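For reference, the structure is listed below as structure tokens.
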Amino acid sequence: MEKWPIAKSTLAILEQCGEHSDEKIKLFCEDHSQLCCHICEALHHRSCSKVNLIEEINKYSTADAHQLSSNIQKIQDELKKLKEIAEGNLLSLETTYQRIKKEIDTVR
Ligand SMILES: [Zn+2]
Ligand SMILES: [Zn+2]
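Heads up: the sequence shown begins at 1 in the UniProt record's numbering, then just goes up one per residue.
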């Protein structure tokens, strides 16, 4: 059976910045309630007062940070859901692909 070529790269895209495919989403801008990458930060969030590293935020334990991290949690949950949907789609795509391939092989 041939390997399905696109599964891995497609899933990786979901962790990438939508605008900058070379960058991973690493930051959270509190002013925009938006996840972004380092380039986004430099381009769009220069004047924002609170742009934090996601990893850093998860370490905080104050009430503010708790609120913030639960927002991020929500966004990450959404991302996770998207990922699961994508995985499901890929799985059915793969099944379809293999079925069609089999059919073609049978016809030959
Ligand atoms: Zn970006
Ligand atoms: Zn911003």
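Ideal Cβ positions, reconstructed from N, Cα and C, are used throughout, including at glycine.
This one's a predicted model, so the numbers in the text were calculated from it and none came from an experiment.
C40 carries a helical assignment under DSSP once its states are collapsed to helix, strand and coil. Taken atom to atom, the span from the alpha-carbon of L82 to that of D105 is near 34 Å. Per DSSP, K83 has no beta bridge partner at all. From the listed residues Q34, N52, S47 and V51, the smallest Cα separation to L79 is found for Q34. When secondary structure is reduced to three states using DSSP, K50 falls in the coil class, being assigned neither helix nor strand. With a cutoff of 8 Å on beta-carbon distance, E23 and H38 are scored as near each other.
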